[in-house]
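Have a look at the structure below before the remarks.
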Ligand SMILES: CCCCC[C@H](O)/C=C/[C@H]1C=CC(=O)[C@@H]1C/C=C\CCCC(=O)O
Ligand SMILES: N[C@@H](CCC(=O)N[C@@H](CS)C(=O)NCC(=O)O)C(=O)O
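Numbering (the UniProt record's numbering), first residue to last: 1 to 189.
Below, the structure written as structure tokens:
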């Protein structure tokens, strides 16, 4: 066993990309599921323990880490998939930060504008995703990854949270997938 533990709600959410990265690397991990009622009802003292009062929490043996993107970068460095130079790493960070921005839009939509903002969200989504497609297409004519040409150097994968609402990142290859806007080329989970 690797000694990895992901503690999160029973959701894909911010834990899913960590799971994807580990799965891509052939690593195993344990899941600690926190029920949202316990979390918000104060039954779990994890919220007090959590550095910023939030999940996911990631453990690598005794090493405990929070912040999903920090966890991704930690694992990226650990597995040697965070870029072959300072500039490659910066480009990877740039794309990941772009995904974070999109995630925030998605969260706003899901939690605050689900009934009222669906049309707007979906119409703007293609535009947001086209930025990632442009980056992908500019590297090796779109046949490889966001950065570099080696397998696992940097990869983007969209994840489907709900119908036609893909978001999320994992450093991975890309291809057309079902359930996405027609202009979007990405793999859907
Ligand atoms: C029952 C929810 C209780 C947890 C509330 C929590 O503060 C919200 C987490 C969202 C924040 C970022 C995400 O990706 C998280 C998930 C966003 C949307 C749900 C997507 C469904 C899924 O990923 O499986
Ligand atoms: N920037 C943090 C955000 C973490 C976050 O928003 N966590 C949510 C779940 S996705 C949470 O713990 N919500 C419960 C709470 O805020 O009490 C990260 O990327 O890990």
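Where is the CB? At the ideal position from N, CA and C, for every residue including glycine.
Consult DSSP for residue i and reduce its assignment to one of helix, strand or coil.
i           : result
residue 45  : coil
residue 6   : strand
residue 66  : strand
residue 159 : For residue 159, the predicted model reports a pLDDT of 37, less than 50, meaning its position is unreliable; a value from the coordinates is still stated below. Strand at residue 159.
residue 127 : helix
residue 143 : coil
When the Cα of residue i is compared with those of the options, which residue comes out closest?
i           : options              : result
residue 102 : 116, 84 and 121      : 121
residue 31  : 25, 134 and 58       : 58
residue 194 : 48, 6 and 134        : It is not possible to answer for residue 194, since the shown part of the chain is limited to 1 through 189.
residue 127 : 139, 107, 145 and 98 : 98
residue 73  : 50, 93 and 145       : 93
Below 7 Å, is the gap between the Cβ of residue i and the nearest heavy atom of ligand 2?
i           : result
residue 55  : yes
residue 29  : no
residue 69  : yes
residue 13  : yes
residue 74  : no
residue 105 : no
residue 47  : yes
residue 190 : As shown, the chain starts at 1 and ends at 189. That puts residue 190 outside it, with no answer to give.
* **Runs of beta strand (DSSP E) wholly within the stretch 57-121 (minimum 3 residues, chain order)** => Runs of the beta strand (DSSP E) lying entirely within the stretch 57-121, each at least 3 residues long, are 57-60 and 63-66 in chain order.
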